[in-house]
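Novice: Numbering (our numbering), first residue to last: 30 to 169. My structure is below; once you've seen it, I'll send some questions.
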Amino acid sequence: MPQRTLSIIKPDAVGKGFAGAILAEINKAGFRIVAIRKQSISKREAEGFYAVHHERPFFDSLTTFMSSGPLILMVLEKDNAIADLRRLMGATNPANAEEGTIRKKFASSIQENAIHGSDAEETAAFETGYWFAGYELIQG
Ligand code: CMP
Numbered sequence: 030m031p032q033r034t035l036s037i038i039k040p041d042a043v044g045k046g047f048a049g050a051i052l053a054e055i056n057k058a059g060f061r062i063v064a065i066r067k068q069s070i071s072k073r074e075a076e077g078f079y080a081v082h083h084e085r086p087f088f089d090s091l092t093t094f095m096s097s098g099p100l101i102l103m104v105l106e107k108d109n110a111i112a113d114l115r116r117l118m119g120a121t122n123p124a125n126a127e128e129g130t131i132r133k134k135f136a137s138s139i140q141e142n143a144i145h146g147s148d149a150e151e152t153a154a155f156e157t158g159y160w161f162a163g164y165e166l167i168q169g
């Protein structure tokens, strides 16, 4: 059964011109792009998206970073999309990411780590609904 996940190419990777190369990795791994949009987000929008992390010491810095420049929001689809994208991304901290993963290739720090992917079905549903309306997610 195809599954969907919400992914973000973060401002660090977009700013360094890595978006095309990251999209190519995603494509090569067999994901279908259901919806995609490049935009800048406000600090407030970033805070809402990362609300589960609001008690963390890095919350302010993370939401400032995410609102610092354009990013690319995507809904991706394939069998086992959530787990497969997380494997393709690699560990949150690029220093621990496996060879060949997106974060190993393109991330610079634990915060500026190039890409986000939902971590579970429940979060994928919240995160997708946060950025995309139902009409944008209709099968082509
Ligand atoms: P992401 O997968 O988008 O989910 C939460 C984000 O918080 C994470 O990627 C990193 O960008 C950031 N993050 C997680 N842990 C830390 C940390 N220890 N210090 C700074 N940023 C972090």
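In this text, a Cβ means the ideal position worked out from N, Cα and C, and glycines have one as well.
Under 7 Å Cβ to Cβ from Ser147, same chain only, skipping five residues before and after it: list those, please.
Specialist: For Ser147, where only same-chain residues beyond five positions count, the Cβ hits under 7 Å are Thr34, Leu35, Ile111, Ala153, Glu156.
Novice: On the DSSP letters alone, give me the boundaries of the alpha helix (DSSP H) that Glu151 sits inside.
Specialist: Looking at the DSSP string, the run of the alpha helix (DSSP H) that includes Glu151 is 150–160.
Novice: Using 10 angstroms around the beta-carbon of Pro99, count the other beta-carbons present and answer buried if the total reaches 16, otherwise exposed.
Specialist: By the 10 Å Cβ count, Pro99 comes out exposed.
Novice: Just verifying my parser: in three-state terms, what is the DSSP assignment at Ser90?
Specialist: Helix at Ser90.
Novice: Excluding the 5 residues flanking Ala120 on each side, which residues of the same chain have their C-beta closer than 7 Å to its C-beta?
Specialist: Ala126, Arg132.
Novice: With a CB to CB cut of under 8 Å and the five nearest residues on each side skipped, what residues in its chain are close to Asp108?
Specialist: Cβ neighbours of Asp108 beyond the five flanking positions: Met30, Pro31, Gln32.
Novice: Quick one: what's got a C-beta closer than 6 Å to Trp160's C-beta in the same chain, skipping five residues either side?
Specialist: Result list for Trp160: Leu102, in chain order.
Novice: Considering Cα atoms alone, identify which of Val63, His83, Asp113, His145 is closest to Ile167.
Specialist: Among Val63, His83, Asp113, His145, the Cα nearest to that of Ile167 belongs to Val63.
Novice: Could you check where the beta strand (DSSP E) with Asp116 kicks off and where it finishes?
Specialist: The displayed chain sequence assigns Arg, not Asp, to residue 116. From DSSP, Arg116 is part of no beta strand (DSSP E) but of the alpha helix (DSSP H) over 110–118.
Novice: Is Lys72 near Ser96, with beta carbons less than 8 Å apart?
Specialist: Result yes, Cβ atoms of Lys72 and Ser96 sit closer than 8 Å.
Novice: Using a Cβ-Cβ cutoff of less than 8 Å, which residues in the same chain neighbour Ile177 once the five nearest sequence positions on both sides are dropped?
Specialist: Coverage of the chain is limited to positions 30 through 169, which leaves residue 177 absent and any answer about it impossible.
Novice: From the DSSP output, read off the bridge partner residues of Lys107.
Specialist: DSSP lists Gln32 as partners of Lys107.
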